[in-house]
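K.L.:
Chains A and B are the protein sequences, given in the same order.
Just so it is clear: in the first sequence, position 99 is 977 by our numbering, and no numbers are missing.
Just so it is clear: in the second sequence, position 105 is 983 by our numbering, and no numbers are missing.
Every residue gets a Cβ at the ideal spot worked out from N, C-alpha and C, and that includes glycine.
Handing you a structure now.
2 protein chains.
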Amino acid sequence: MSATFTVLAEPSRRAILSLLAASECSVGDLEQQLRLPQPSVSKHLRILREAGFVQARVQAQRRLYRIRPEPFMEVDAWLAPFRRFWAPHLDALERHLDRVESQSRRRRKQR
Amino acid sequence: MSATFTVLAEPSRRAILSLLAASECSVGDLEQQLRLPQPSVSKHLRILREAGFVQARVQAQRRLYRIRPEPFMEVDAWLAPFRRFWAPHLDALERHLDRVESQSRRRRKQR
DNA sequence: CATGTATATACCTGTAGAAGTATATTAAGG
DNA sequence: CCTTAATATACTTCTACAGGTATATACATG
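In structure tokens form, the structure reads like this:
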């Protein structure tokens, strides 16, 4: 878990993940789009790979990188206990909508 | 966003947040429960406070700390674009279970 | 097999930040 | 007021890690 957050603390790495969320990319693609030196991209990818965020497949001299879901799921699960600090607001909204909804349904029946 | 993740990368800070998720605590409470030196707790609380994760109210010599939702919501929002990488899997799992379910129902009918 | 292309790694340097210790601040209570 | 309790801050040291530069590895193609 510490490793997961440490990895995400780096802006270039989050940028890489953002691009990969849109589509599979080679190192060169990322290098171009992010305007980062190639060794930097490779080093970040290594860290992302070792933390399970991405996975590479080899295609000739290229390595095509793509997202792996596990660490994201971990973060999502970690957030769970804290959701009650803002979800209640949403719940209230949902209850409100349900109420409005069921009222309009009742009104329809009465017609 | 970088600050947010940097703050969460520290295990003691996540431990503090965990305790605060359960209930409002004083510095001393946290010190006891986590077995950390008091200056360490205070320093982590400062960092958490400055990043908006917690908020203190003064009660005599005590400071009672509690969770603030904003940075957690930020993390939750950041996760959004990546949810499609595992939500589909859950969907697939559900479809699978549905299929198994309806198959066993069909088999029961055939008997 | 020589050359170019794509990616990875090694090494060095600078810096942010965590732990530990000592000390300052603020309020309570006799 | 003086003392104790609760918390914050200052200062030092150590370490992890990011950036930069140079170099190695691996594959493709003439």
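Could you pull out every residue in the same chain whose Cβ sits closer than 7 Å to the Cβ of Thr884 (chain B), ignoring the five residues on either side in sequence?
P.N.:
As a position in the second sequence, residue 884 (chain B) is number 6, starting the count at 1. Once the five neighbours on either side are set aside, Thr884 (chain B) has no close Cβ partner at all.
K.L.:
Just to make sure I have the definition right: I need the residues of chain B whose C-beta is within less than 8 Å of the C-beta of Val953 (chain A). Which are they?
P.N.:
Within the first sequence, the letter at position 75 stands for residue 953 (chain A). By Cβ distance, chain B contributes Val953 and Leu957.
K.L.:
Quick one: list the residues of chain A neighbouring Ser880 (chain B), beta-carbon separation under 7 Å, in chain order.
P.N.:
On the second sequence, position 2 is the one that residue 880 (chain B) refers to. Neighbours of Ser880 (chain B) on chain A, chain order: Ala887 and Pro889.
K.L.:
When you compare each of B:Arg891, B:Glu902 and B:Leu926 to Leu914 (chain B) by their alpha carbons, which one comes out closest?
P.N.:
Mapped onto the second sequence, residue 914 (chain B) falls at position 36. The shortest Cα separation from Leu914 (chain B) among B:Arg891, B:Glu902 and B:Leu926 belongs to B:Arg891.
K.L.:
Is the number of C-beta pairs between the segment 922–936 of chain A and the segment 911–931 of chain B that are closer than 8 Å three or more?
P.N.:
No: the two stretches stay apart, fewer than three of their Cβ pairs being nearer than 8 Å.
K.L.:
Considering Leu942 (chain A), what are the terminal residues of the beta strand (DSSP E) in which it resides?
P.N.:
By one-based count along the first sequence, residue 942 (chain A) stands at place 64. Counting along the chain, the beta strand (DSSP E) containing Leu942 (chain A) begins and ends at Arg940 to Ile945.
K.L.:
Could you give the DSSP three-state label for Lys987 (chain A): helix, strand or coil?
P.N.:
Looking up residue 987 (chain A) in the first sequence gives position 109. Below a pLDDT of 50, predicted positions are generally treated as unreliable, and Lys987 (chain A), at 44, falls in that range; the measurement from the model is reported next regardless. Three-state result, Lys987 (chain A): helix.
K.L.:
Within 7 Å (strictly less), CB to CB, does Ile894 (chain A) reach chain B?
P.N.:
Here residue 894 (chain A) refers to the residue found at position 16 when the first sequence is read from its first residue. No, its Cβ sits nowhere closer than 7 Å to a Cβ of chain B.
K.L.:
Taking Cβ-Cβ distances shorter than 9 Å, what residues in chain B pair up with Ile945 (chain A)?
P.N.:
Start at 1 with the first residue of the first sequence, and residue 945 (chain A) comes out as number 67. Correct list: Phe960 and Phe963.
K.L.:
Since Ala899 (chain B) meets chain A, which of its residues come closer than 7 Å, beta carbon to beta carbon?
P.N.:
On the second sequence, residue 899 (chain B) is found 21 positions in, with the first residue counted as 1. Result: Pro959 and Phe960.
K.L.:
Among A:Pro959, A:Leu912 and A:Pro917, which residue has its Cα nearest to the Cα of Pro947 (chain B)?
P.N.:
What you label residue 947 (chain B) is simply residue 69 of the second sequence in a count that begins at 1. Here the closest residue by C-alpha is A:Pro959.
K.L.:
In chain order, what residues of the same chain have a beta carbon less than 8 Å from the beta carbon of Glu909 (chain B), not counting five sequence neighbours either side?
P.N.:
Along the second sequence, one-based indexing puts residue 909 (chain B) at 31. Closer than 8 Å at Cβ, skipping near neighbours: Pro915, Gln916 and Val919.
K.L.:
Tell me whether the beta-carbon of Tyr943 (chain B) lies closer than 7 Å to the beta-carbon of Leu898 (chain B).
P.N.:
Counting from one through the second sequence, the residue named residue 943 (chain B) turns up at place 65. Counting from one through the second sequence, the residue named residue 898 (chain B) turns up at place 20. Cβ distance < 7 Å, so Tyr943 (chain B) and Leu898 (chain B) count as in contact.
K.L.:
Starting from the Cα of Arg935 (chain A), find the closest Cα among A:Ala887, A:Pro949 and A:Cys903 and give me that residue.
P.N.:
Numbered from its first residue, the first sequence carries residue 935 (chain A) at position 57. Nearest of A:Ala887, A:Pro949 and A:Cys903 to Arg935 (chain A), Cα basis: A:Cys903.
K.L.:
Out of B:Lys921, B:Arg941 and B:Ala900, state which residue places its alpha-carbon closest to the alpha-carbon of Gly906 (chain B).
P.N.:
Your numbering for residue 906 (chain B) matches position 28 in the second sequence. Measuring from the Cα of Gly906 (chain B), the nearest candidate turns out to be B:Arg941.
K.L.:
Check for me: the alpha helix (DSSP H) holding Arg924 (chain A) runs from which residue to which?
P.N.:
Indexing the first sequence from 1 puts residue 924 (chain A) at position 46. Here the alpha helix (DSSP H) through Arg924 (chain A) covers Gln916 to Glu928.
K.L.:
Closer than 8 Å by C-beta to Ala893 (chain B): which residues in its own chain qualify, once you throw out the five before and the five after it? Chain order, please.
P.N.:
Locating residue 893 (chain B) in the second sequence gives position 15, counting from the first residue. Leu912.
K.L.:
Determine the DSSP secondary structure at Ala893 (chain B), reduced to helix, strand or coil.
P.N.:
As a working note, residue 893 (chain B) is residue 15 in the second sequence. In the structure shown, Ala893 (chain B) sits in a helix (DSSP, three-state: H, G or I).
K.L.:
For Met951 (chain A) versus Trp956 (chain B), is the C-beta spacing smaller than 7 Å?
P.N.:
For this step, residue 951 (chain A) is matched to residue 73 along the first sequence. For this step, residue 956 (chain B) is matched to residue 78 along the second sequence. No, the Cβ-Cβ distance between Met951 (chain A) and Trp956 (chain B) is not below 7 Å.
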